[in-house]
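Numbering (our numbering), first residue to last: 139 to 459.
Here a beta-carbon is modelled for each residue, glycine too, at the ideal position from N, C-alpha and C.
These figures come from a predicted structure and were not determined experimentally.
Contents: one structure, followed by commentary.
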Amino acid sequence: MNINNKSGVALILVLWVIAIMMIIAFSFSYSMKTEAKIASNYKKLSQAYYYARAGVNHAILDLLLRCQGEKENRFNISGIPETLSWDEGGYNIIIKDEGAKFNLNKMNAKQLRDIFSKCDLKKEEVDIIVDSILDWRDKDELHRLNGAESDYYQTLDPPYSCKNGNFDTIGELLLVKGITPEIYHNLELEDIFTVFGHSSKININSASKKVLSLVPGMTDEMIDKIISARNEKEFTHINELIPIIGMNAYRTVYRYLTTSLTYYFSIISVGWIHGLRMGRAIKTTIKITPKQKEKYKILYWHDEKIYERALNDIFSKRAWH
Numbered sequence: 139m140n141i142n143n144k145s146g147v148a149l150i151l152v153l154w155v156i157a158i159m160m161i162i163a164f165s166f167s168y169s170m171k172t173e174a175k176i177a178s179n180y181k182k183l184s185q186a187y188y189y190a191r192a193g194v195n196h197a198i199l200d201l202l203l204r205c206q207g208e209k210e211n212r213f214n215i216s217g218i219p220e221t222l223s224w225d226e227g228g229y230n231i232i233i234k235d236e237g238a239k240f241n242l243n244k245m246n247a248k249q250l251r252d253i254f255s256k257c258d259l260k261k262e263e264v265d266i267i268v269d270s271i272l273d274w275r276d277k278d279e280l281h282r283l284n285g286a287e288s289d290y291y292q293t294l295d296p297p298y299s300c301k302n303g304n305f306d307t308i309g310e311l312l313l314v315k316g317i318t319p320e321i322y323h324n325l326e327l328e329d330i331f332t333v334f335g336h337s338s339k340i341n342i343n344s345a346s347k348k349v350l351s352l353v354p355g356m357t358d359e360m361i362d363k364i365i366s367a368r369n370e371k372e373f374t375h376i377n378e379l380i381p382i383i384g385m386n387a388y389r390t391v392y393r394y395l396t397t398s399l400t401y402y403f404s405i406i407s408v409g410w411i412h413g414l415r416m417g418r419a420i421k422t423t424i425k426i427t428p429k430q431k432e433k434y435k436i437l438y439w440h441d442e443k444i445y446e447r448a449l450n451d452i453f454s455k456r457a458w459h
């Protein structure tokens, strides 16, 4: 091999080495940028979490003032989203009065039947659901005509026993005979029922249009009048409905309604950072106890990372009305 050939081979080898080093350098640079971006996103997600925590604390303070009789409240309690933002980010809050839903543990057979009969279900489905809910709650193993006890649930795959006690969560309805996943989700039963509180009546000041529509005798016209009136001023006594909907209608609906707070509230707070297509969400249920040393109790707490689409779903009208 002559000198020229050797020089050519050496040049090719040098070029290959340079190319390989450039690839390594590029890969290293890309890796460092990726790690830096991950670290930045992690920091922003941590900030978003504390924004969400701040939102929860803000909501609790507002609810404490409300339950102590403060008239000027920053947030509504009927599930309408509120937003507070700053230069870097902010939080969105939804507060729902659990007393604005029907209490699944307190309703009798007639009340349950009246409500489910307005849910676009067949009579046979209503009969099974109502009897099965009552059987799930009662303490015996004697099933009603259309209900179910452990002898039925033990035949399922996987088998389980009838609870024979109050519901701890609305999700338990999915275990009850007659409540299919389609019925549970299509009827949005989590927005209709609650397991918190001690009354079978709903708060007229914070009940959603959907919940009001399930009150026997309630019409769309009456609902619009009630919502319009409460937007001007909250009702202090249920008989204030009489001049708004008339005495005949009042006699039909009053037994389902109250103006009393239950002191149980659900809060969703989502913290977010500008430019970050994800956030941190906290969902909690609390009981306000203004006359006790501890002013509130946390009954449920769940937090998670959520992405932009999920965030939009959470704050859509469909999800909360």
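Report the residue from the options whose alpha carbon sits nearest the alpha carbon of residue i.
| i | options | result |
| --- | --- | --- |
| V333 | I218, K239, R251 and I233 | K239 |
| K182 | L313, Y291 and G409 | G409 |
| D252 | L294, S216 and S351 | S351 |
| F213 | D258, A197, C205 and G227 | A197 |
| L399 | T221, L222 and I340 | I340 |
| T374 | N195, L395, I232 and W439 | L395 |
| W274 | E262, K244 and P296 | K244 |
| L202 | F305, K431, L283 and G227 | K431 |
| A247 | N230, G227 and L283 | L283 |
| D276 | L242, E262 and C257 | L242 |
| S344 | A367, N324 and H323 | A367 |
| D329 | G335, I406 and K348 | K348 |
| S216 | G237, E442, F164 and D265 | G237 |
| W224 | Q206, H412, T423 and D265 | H412 |
| E372 | M385, G303, M356 and T397 | T397 |
| I308 | Y438, Y290, I342 and I444 | Y438 |
| N304 | Y434, V314 and F164 | V314 |
| I376 | N369, L272 and R389 | R389 |
| I321 | I342, L222, C257 and S346 | C257 |
| S346 | Y188, L259, I218 and I161 | I218 |
| F392 | M356, E326 and N195 | Looking at the sequence provided, one finds Tyr at residue 392 rather than Phe. For Y392, the nearest C-alpha among the options comes from M356. |
| I444 | S184, I150 and I158 | S184 |
Locate the alpha helix (DSSP H) running through residue i, then write down its first and last residues.
| i | result |
| --- | --- |
| L250 | A247 to F254 |
| Y322 | P319 to N324 |
| Y291 | S288 to Y291 |
Thinking residue i and residue j are a contact (beta carbons under 8 Å), I'd like their distance in whole angstroms, please.
| i | j | result |
| --- | --- | --- |
| Y401 | K425 | 6 Å |
| G316 | S270 | 5 Å |
| A190 | R415 | Their Cβ separation, rounded to whole angstroms, is 16 Å, which puts A190 and R415 out of contact at 8 Å. |
| L311 | P319 | In fact, because the Cβ distance is near 10 Å, the residues do not count as touching under 8 Å. |
| S337 | Q249 | The Cβ separation is near 12 Å, so there is no contact. |
| Y229 | S404 | In fact, because the Cβ distance is near 16 Å, the residues do not count as touching under 8 Å. |
| M360 | I380 | No, M360 and I380 are not in contact; Cβ-Cβ is about 12 Å, not under 8 Å. |
| E287 | L280 | 7 Å |
| G193 | I156 | Contact flag wrong, Cβ pair sits at about 54 Å. |
| C205 | P428 | 5 Å |
| G227 | A186 | 7 Å |
| V298 | Y291 | Note that residue 298 is Tyr in the sequence shown here, rather than Val. Their Cβ separation, rounded to whole angstroms, is 5 Å, which keeps Y298 and Y291 in contact under 8 Å. |
Opposite residue i in the DSSP bridges: which residues?
| i | result |
| --- | --- |
| M356 | None, per the DSSP bridge assignment. |
| E442 | A419 |
| F334 | Its beta-bridge partners do not exist; DSSP assigns none. |
| T374 | T374 pairs with nothing; no bridge assigned. |
| N302 | DSSP, once it has assigned bridges, lists no residue as partnering N302. |
| L395 | I340 |
| Y189 | Y189 is not bridged to any residue. |
| I426 | Y434 |
In terms of residues, what are the limits of the beta strand (DSSP E) holding residue i?
| i | result |
| --- | --- |
| Y388 | No beta strand (DSSP E) contains Y388, which is instead part of the alpha helix (DSSP H) from M385 to V391. |
| S346 | S346 -> no beta strand (DSSP E), and no H or E assigned at all. |
| F403 | Y402 to I411 |
Please indicate yes or no: does the CB of residue i lie closer than 7 Å to some heavy atom of the ligand HEM?
| i | result |
| --- | --- |
| T427 | Absence of the ligand HEM from the depicted structure is noted, as is the absence of any ligand whatsoever, leaving it without description. |
For the stretch 194 to 268, list the alpha helix (DSSP H) runs that are entirely contained and at least 4 residues long, ordered along the chain. 247 to 254
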